[in-house]
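2 protein chains.
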Amino acid sequence: MGGAQGTAGRTAAGDSARTQAVRDTAARLFGAAGYAGTTMNDIADAVGLLPGSLYHHFASKEQIAAELLTAFGTALTDVATAAAAHPPEPGAHAEQRVRQLAADVMALSFAHAAAVRLRAFEPPTVATARLREAMQLPTTGLERAWRDAVDGLRPAREGGADPALLRFALQQATLDASGSYRPDRDPRELAGHLCDVLLHGVAVACPPDADLDASAASRAAVEALAGWRTQEPPGGPRDRDTIVAAARTEFARRGYDATTVRDIAAAAGVRMGTLYRRVESKEALLREVLGRYSGHLADAVTAVLAAGSGEVETLDALARVFVHASRRFEAESCIVRYGWSGREAATSPFHDYYLETQERLRALEDLLARGVADGRLSTVPDMAWHIRSVLWLPFHQHARTGTARAHAFLRAALLRGALRG
Amino acid sequence: MGGAQGTAGRTAAGDSARTQAVRDTAARLFGAAGYAGTTMNDIADAVGLLPGSLYHHFASKEQIAAELLTAFGTALTDVATAAAAHPPEPGAHAEQRVRQLAADVMALSFAHAAAVRLRAFEPPTVATARLREAMQLPTTGLERAWRDAVDGLRPAREGGADPALLRFALQQATLDASGSYRPDRDPRELAGHLCDVLLHGVAVACPPDADLDASAASRAAVEALAGWRTQEPPGGPRDRDTIVAAARTEFARRGYDATTVRDIAAAAGVRMGTLYRRVESKEALLREVLGRYSGHLADAVTAVLAAGSGEVETLDALARVFVHASRRFEAESCIVRYGWSGREAATSPFHDYYLETQERLRALEDLLARGVADGRLSTVPDMAWHIRSVLWLPFHQHARTGTARAHAFLRAALLRGALRG
DNA sequence: GTCTATATATCGATAGAC
DNA sequence: GTCTATCGATATATAGAC
Numbered sequence: 005m006g007g008a009q010g011t012a013g014r015t016a017a018g019d020s021a022r023t024q025a026v027r028d029t030a031a032r033l034f035g036a037a038g039y040a041g042t043t044m045n046d047i048a049d050a051v052g053l054l055p056g057s058l059y060h061h062f063a064s065k066e067q068i069a070a071e072l073l074t075a076f077g078t079a080l081t082d083v084a085t086a087a088a089a090h091p092p093e094p095g096a097h098a099e100q101r102v103r104q105l106a107a108d109v110m111a112l113s114f115a116h117a118a119a120v121r122l123r124a125f126e127p128p129t130v131a132t133a134r135l136r137e138a139m140q141l142p143t144t145g146l147e148r149a150w151r152d153a154v155d156g157l158r159p160a161r162e163g164g165a166d167p168a169l170l171r172f173a174l175q176q177a178t179l180d181a182s183g184s185y186r187p188d189r190d191p192r193e194l195a196g197h198l199c200d201v202l203l204h205g206v207a208v209a210c211p212p213d214a215d216l217d218a219s220a221a222s223r224a225a226v227e228a229l230a231g232w233r234t235q236e237p238p239g240g241p242r243d244r245d246t247i248v249a250a251a252r253t254e255f256a257r258r259g260y261d262a263t264t265v266r267d268i269a270a271a272a273g274v275r276m277g278t279l280y281r282r283v284e285s286k287e288a289l290l291r292e293v294l295g296r297y298s299g300h301l302a303d304a305v306t307a308v309l310a311a312g313s314g315e316v317e318t319l320d321a322l323a324r325v326f327v328h329a330s331r332r333f334e335a336e337s338c339i340v341r342y343g344w345s346g347r348e349a350a351t352s353p354f355h356d357y358y359l360e361t362q363e364r365l366r367a368l369e370d371l372l373a374r375g376v377a378d379g380r381l382s383t384v385p386d387m388a389w390h391i392r393s394v395l396w397l398p399f400h401q402h403a404r405t406g407t408a409r410a411h412a413f414l415r416a417a418l419l420r421g422a423l424r425g
Numbered sequence: 005m006g007g008a009q010g011t012a013g014r015t016a017a018g019d020s021a022r023t024q025a026v027r028d029t030a031a032r033l034f035g036a037a038g039y040a041g042t043t044m045n046d047i048a049d050a051v052g053l054l055p056g057s058l059y060h061h062f063a064s065k066e067q068i069a070a071e072l073l074t075a076f077g078t079a080l081t082d083v084a085t086a087a088a089a090h091p092p093e094p095g096a097h098a099e100q101r102v103r104q105l106a107a108d109v110m111a112l113s114f115a116h117a118a119a120v121r122l123r124a125f126e127p128p129t130v131a132t133a134r135l136r137e138a139m140q141l142p143t144t145g146l147e148r149a150w151r152d153a154v155d156g157l158r159p160a161r162e163g164g165a166d167p168a169l170l171r172f173a174l175q176q177a178t179l180d181a182s183g184s185y186r187p188d189r190d191p192r193e194l195a196g197h198l199c200d201v202l203l204h205g206v207a208v209a210c211p212p213d214a215d216l217d218a219s220a221a222s223r224a225a226v227e228a229l230a231g232w233r234t235q236e237p238p239g240g241p242r243d244r245d246t247i248v249a250a251a252r253t254e255f256a257r258r259g260y261d262a263t264t265v266r267d268i269a270a271a272a273g274v275r276m277g278t279l280y281r282r283v284e285s286k287e288a289l290l291r292e293v294l295g296r297y298s299g300h301l302a303d304a305v306t307a308v309l310a311a312g313s314g315e316v317e318t319l320d321a322l323a324r325v326f327v328h329a330s331r332r333f334e335a336e337s338c339i340v341r342y343g344w345s346g347r348e349a350a351t352s353p354f355h356d357y358y359l360e361t362q363e364r365l366r367a368l369e370d371l372l373a374r375g376v377a378d379g380r381l382s383t384v385p386d387m388a389w390h391i392r393s394v395l396w397l398p399f400h401q402h403a404r405t406g407t408a409r410a411h412a413f414l415r416a417a418l419l420r421g422a423l424r425g
């Protein structure tokens with residue numbers, strides 16, 4: 005197995021060419037704009053039909069999405085089954101097995117980008133019961149495959165990368181890859197470079213923990229993190245901030261698109277009239293939530309970069325920042341994850357946030373370039389993208405993983421390399 | 005109790021005037037055009053709102069209908085409870101009790117015409133589960149009230165009117181009255197005249213059964229009924245007649261509006277293309293079904309009227325005809341029952357059939373007028389309407405009632421009077 | 001298999017009554 | 001200042017016809 009997993013993975017025997025065209029078009033649009041963000045009208049326009057005619061091919065919008073998810077699940081099971089067919093062997097082959105699995109899964113993630121988007125980037129509350137069921141991919145086989153593959157690696161040294169977190173990172177990053185990388189890249193090459201980063205690390209020589217903890221960048225990070233803790237006291241019950249806080253919670257639960265102004269008003273305990281007296285629009289609420297979030301992030305990142313430490317120490321401090329950010333701003337992480345679609349459109353309320361993340365990515369690229377230039381960092385193609393996707397992994401979602409353990413893993417894997425001795 | 009049961013029966017405390025206006029308007033339109041025949045757009049137009057604005061007042065179209073049905077059920081229970089409060093006494097008061105109950109129920113039927121229409125004249129298949137549940141009126145109390153009232157009447161002579169069928173006729177005719185009479189009549193007067201007809205009969209002197217059976221009208225009726233039995237042999241499987249027969253069955257099951265052309269094609273075992281090759285339109289199918297039906301009815305009625313018997317014998321023969329028609333053309337009876345709304349519109353596919361029923365009603369009126377003129381029939385206001393509603397009662401729906409027993413009941417009640425000695 | 005017409009329903013936003 | 005009732009736009013879906 006392994007190889008090409010093109011649109012063939014989504015075809016169903018016996019379907020007419022037009023039915024297939026509808027499915028493919030829907031997949032493209034779902035992948036780009038999400039389920040709620042894609043209307044039957046959009047699909048019909050793109051295919052060249054009238055909206056009602058779609059219902060000759062599919063019983064409902066939901067059914068199209070469910071079929072895409074099912075096809076993805078089937079393909080994943082096939083990959084896991086093929087991986088299980090070759091029992092793991094310790095030693096030299098082990099790394100190759102991990103790389104093979106990463107490449108296979110990442111290829112699937114790209115081939116089924118719509119399903120990935122639906123499963124991982126769509127808030128569960130917008131989906132009906134049937135669609136939620138289809139979102140539950142059969143990942144037990146895949147988890148077993150990752151466990152076998154990672155267990156085959158040379159046992160970690162004392163203080164090395166936590167194998168459980170390594171499994172988690174590899175599985176999560178490869179499965180959701182199509183949401184983290186640009187679609188024109190080769191997923192198998194990306195998988196290889198991601199493995200380079202996680203298994204071998206990017207620091208040519210890495211200082212001991214004590215030195216990293218004592219760096220100026222680290223101290224700047226810790227200080228910025230302390231600033232995040234300042235919680236504004238909740239004002240009066242009908243205060244504007246109360247509404248913003250309610251919007252934040254609701255956006256995180258349902259996603260921006262699926263959250264109605266009525267939801268927010270109900271959660272804030274006010275009526276529509278009051279809400280619209282306090283805030284301009286639903287979009288303004290999102291901009292405010294994202295603005296505060298991005299401001300906090302920018303403060304911390306700027307402080308770390310300005311501390312003047314070496315590139316390795318700076319990268320370590322950034323890891324500390326992002327690990328804490330995933331926790332402290334879990335709601336905002338959900339919001340941007342769900343709302344990531346259409347981010348590039350200038351009219352999108354996510355656009356400003358998107359631009360700021362692009363700025364931070366460029367700053368990271370500059371940092372890495374300096375590190376490569378002065379010989380402190382090894383180089384890998386698209387290194388900034390890989391590092392960003394690893395820094396943003398939701399480690400806190402993995403059972404009992406606190407920020408300290410997550411940060412320790414990032415040091416061990418990202419800087420020193422999970423396989424390095 | 006008893007008295008006025010105007011729109012007050014449908015009001016709900018705490019509703020705004022507009023909400024009440026929406027409910028009342030919906031009731032009016034549902035009563036006139038049925039559930040499927042009334043759109044939210046129609047209601048909104050009539051109230052002076054946009055369709056979407058209706059959803060501020062009611063969660064769904066279904067909810068409006070369910071509230072109307074519930075209000076009708078509550079009012080019926082109140083009537084039954086009030087009737088039970090006065091235990092029945094044998095003797096002179098008994099007839100008055102029956103008349104009181106008939107008047108009360110018929111008044112409710114008129115005040116809740118929309119609910120009556122929804123419950124009795126709407127095919128169950130168009131309703132959702134929740135609406136079907138609301139259609140199940142709490143009639144056990146009412147049945148008990150009718151049993152008590154009718155049992156209080158003087159026991160029937162040997163060969164007199166069957167008390168069970170008398171209960172059935174009174175309950176059915178009063179409950180569905182708003183579907184059988186014009187809405188501008190006073191329901192309490194109508195109830196009184198209906199009781200006159202059923203309890204005292206319209207024949208001044210009624211010949212014995214043997215003479216009725218031997219009349220020329222009776223022989224003409226029996227001969228016409230035999231003609232109905234000629235079943236056209238079902239042609240080829242894709243024959244036009246096969247499609248017409250399938251349409252007849254489907255229309256009866258779901259009602260004309262709710263039956264789709266796809267339903268008919270599936271039932272006939274043909275594809276849409278074949279169907280449209282054989283028949284002109286869905287409407288043409290209905291016209292053909294109703295045309296055959298009306299033709300058979302007209303043949304029988306014309307033959308009976310042309311037999312030249314006396315008015316009493318002729319009426320008895322007509323009773324025979326309609327009792328058999330309810331059975332032989334049960335499907336058609338359902339179809340016209342469900343499709344009765346909008347019958348007066350010239351564009352309605354039911355219009356032709358409606359005109360023919362009007363003709364038959366006029367013929368019945370002429371017959372009755374002759375009978376009154378020559379002293380053979382007693383006179384009651386709107387007599388033809390009452391007789392028609394009794395002749396069309398679906399006796400076969402009452403447990404184990406065959407045509408012979410139903411015809412015997414009509415002779416005993418309609419001609420001789422259930423109470424006459 | 002597709003079109004045209006139209007159904008029920010939702011949602012962001014706002015005007016105006018209280 | 002607050003909230004109710006409304007609009008305008010648009011969503012998903014169905015059905016007759018060809």
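As they're listed, the protein sequences go chains C and U. The first sequence runs 5 to 425 under the working numbering. The second sequence runs 5 to 425 under the working numbering. Just so it is clear, CB atoms sit at the ideal spot from N, CA and C, and this is done for glycine as well. All of these numbers come straight from a predicted model, not from anything done at the bench.
Check each candidate in the options and name the one with the smallest Cα separation from residue i.
i	options	result
L309 of chain U	U:I268, U:D190, U:D166, U:R366	U:R366
Y280 of chain U	U:E292, U:R266, U:R291, U:A88	U:R266
D180 of chain C	C:A69, C:G56, C:E99, C:G35	C:G35
R404 of chain U	U:F172, U:R424, U:A302	U:F172
R392 of chain C	C:V274, C:L319, C:K65	C:L319
R146 of chain U	U:A118, U:Q140, U:T85	For clarity, residue 146 of chain U is Leu in the given sequence; the question names Arg instead. It is U:T85 whose Cα lies nearest to the Cα of L146 of chain U.
L229 of chain U	U:F114, U:S57, U:L322, U:A70	U:L322
R364 of chain U	U:S313, U:A307, U:A349	U:A307
D243 of chain C	C:V327, C:V283, C:P211	C:V283
A249 of chain U	U:A69, U:S222, U:D213, U:A288	U:A288
L290 of chain U	U:G343, U:R380, U:Q176	U:G343
D418 of chain C	C:L397, C:G406, C:Q401	The displayed chain sequence assigns Leu, not Asp, to residue 418 of chain C. Taking only the C-alpha atoms, the option nearest L418 of chain C is C:L397.
S313 of chain C	C:T74, C:A225, C:I268	C:A225
T23 of chain C	C:A37, C:T43, C:I47	C:I47
Tell me residue i's beta-bridge partners as DSSP assigns them.
i	result
H381 of chain C	The sequence given here places Leu at residue 381 of chain C; His does not occur at that position. Its beta-bridge partners are C:A207.
State the DSSP-derived secondary structure class of residue i, mapped to helix, strand or coil.
i	result
F333 of chain U	coil
R415 of chain U	helix
Q140 of chain U	coil
Y260 of chain U	coil
R281 of chain C	helix
T405 of chain C	coil
Y297 of chain U	helix
Y39 of chain C	coil
G312 of chain U	coil
T11 of chain U	Per-residue confidence for T11 of chain U stands at a pLDDT of 46, beneath the threshold of 50, marking its modelled position as unreliable; the derived number appears in the next sentence. The answer is helix: DSSP assigns T11 of chain U an H, G or I state.
L33 of chain C	helix
A115 of chain U	helix
V274 of chain U	coil
Please indicate yes or no: does the CB of residue i lie closer than 7 Å to some heavy atom of the ligand SAH?
i	result
A69 of chain C	As far as ligands go, the structure on display features none, and thus does not contain the ligand SAH.
What does the Cβ neighbour count give for residue i, buried or exposed, with the cut at 16 atoms within 10 Å?
i	result
H61 of chain C	buried
Y59 of chain U	exposed
T263 of chain C	buried
Stretch pair the stretch 270 to 277 of chain C + the stretch 321 to 335 of chain C: three plus CB contacts closer than 8 Å: Between the stretch 270 to 277 of chain C and the stretch 321 to 335 of chain C there are fewer than three C-beta pairs closer than 8 Å, too few to call the two in contact.
Three or more C-beta pairs below 8 Å linking the stretch 191 to 201 of chain C and the stretch 378 to 393 of chain C: The stretch 191 to 201 of chain C is in contact with the stretch 378 to 393 of chain C.
Stretch-stretch touch, CB-based, cutoff 8 Å, three pairs: the stretch 71 to 85 of chain U with the stretch 106 to 123 of chain U: At 8 Å Cβ cutoff, the stretches touch.
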